[in-house]
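Asks: A single structure is presented below for examination.
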Amino acid sequence: MSLPTHMKYIIIGAGIHGLSTAYHLAKELRTKRRGSGRDILVIDKTAIGAGASGIACGVIRNNYYQPAMQELIAHSVDVWEEDAEGYGYLPVGYMQISPECMHADVADIHGRQEDIGYDSKFIEGEKDCLKYMRENVFEDWQAKNVTSILHEKKGG
Ligand SMILES: Cc1cc2nc3c(=O)[nH]c(=O)nc-3n(C[C@H](O)[C@H](O)[C@H](O)COP(=O)(O)OP(=O)(O)OC[C@H]3O[C@@H](n4cnc5c(N)ncnc54)[C@H](O)[C@@H]3O)c2cc1C
456 MSLPTHMKYI IIGAGIHGLS TAYHLAKELR TKRRGSGRDI LVIDKTAIGA GASGIACGVI
516 RNNYYQPAMQ ELIAHSVDVW EEDAEGYGYL PVGYMQISPE CMHADVADIH GRQEDIGYDS
576 KFIEGEKDCL KYMRENVFED WQAKNVTSIL HEKKGG
């Protein structure tokens, strides 16, 4: 296939970011009557989805340490929810089940989720964690040394 010699917009990398950028740019150009997707070329050194995008696990979660990421993910989840069936999004929630060495960090994450109104529950203490898992998830749950559970009600 021969490449065009001139192009108004070139995006390098056909992973999720490159393709999303191309999609939104095309929409914007059309809305402003300044062009369309035909003005954009996405190039990749290998193939579409050849990088991380092609091997991602498909998990939507909001247990990030960076505050900006938490707000960004909350916004992303709103987008997924707009057309869950179309995107193949299964909003079953997400759980971070942790040993004591992660307790404080996960507590911070939960605090920030509360601040931005992201629906989640935080369970602390080995006894309460065991009870929560047995009553809500697996009645035969047996894992030891779990002292905190962050249960995100959104995501999946
Ligand atoms: C194993 C794994 C599991 C993951 N699981 C999840 C998950 O469950 N949920 C989640 O939200 N995120 C997950 N991620 C993270 C997520 O996949 C990445 O954040 C995301 O795909 C990055 O997209 P990208 O477009 O920035 O990069 P990439 O998908 O890596 O795309 C970059 C593209 O650029 C091309 N390229 C690079 N250099 C050049 C060049 N010089 N010229 C031309 N092309 C070039 C590459 O070939 C590639 O196709 C996971 C990542 C990995 C590795």
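If you're matching positions, the sequence shown starts at 456 in the numbering used here and goes up one per residue. Glycine included, each C-beta is placed from N, C-alpha and C at the ideal position.
Could you check whether Cys-584 and Val-561 sit closer than 8 Å to each other, using their CB atoms as the reference points?
Replies: no
Asks: Report whether the distance from the Cβ of Gly-470 to the nearest heavy atom of ligand 1 is below 7 Å.
Replies: yes
Asks: On the three-state DSSP scale, how would you describe Ile-528?
Replies: Helix at Ile-528.
Asks: Using DSSP with H/G/I as helix, E/B as strand and the rest coil, what is Ile-495?
Replies: strand
Asks: For Ser-475, report the span of its alpha helix (DSSP H) as first-last.
Replies: 471–486
Asks: When you compare the region 532–545 with the region 576–590, are there three or more beta-carbon pairs, one atom per stretch, that lie closer than 8 Å?
Replies: no
Asks: CB-CB under 6 Å to Pro-554, same chain, minus the five flanking residues each way: which ones, in chain order?
Replies: Here the set comprises Asn-600.
Asks: Span of the beta strand (DSSP E) holding Glu-555?
Replies: Going by DSSP, Glu-555 is part of no beta strand (DSSP E) at all; its letter is neither H nor E.
Asks: Identify whether His-461 lies in helix, strand or coil by the three-state DSSP scheme.
Replies: coil
Asks: Can you tell me whether Glu-540 is helix, strand or coil according to DSSP?
Replies: helix
Asks: So, are the CB atoms of Ile-571 and Gln-525 less than 8 Å apart?
Replies: yes
Asks: By alpha-carbon positions, which one of Gln-521, Tyr-542, Lys-500, Ile-552 ends up nearest to Asp-563?
Replies: Proximity to Asp-563 across Gln-521, Tyr-542, Lys-500, Ile-552 peaks at Gln-521, based on C-alpha coordinates.
Asks: I need the DSSP call for Glu-594, collapsed to helix, strand or coil.
Replies: coil
Asks: Comparing C-alpha positions only, which one of Gly-492, Val-547, Gln-568 sits nearest to Leu-527?
Replies: Gln-568
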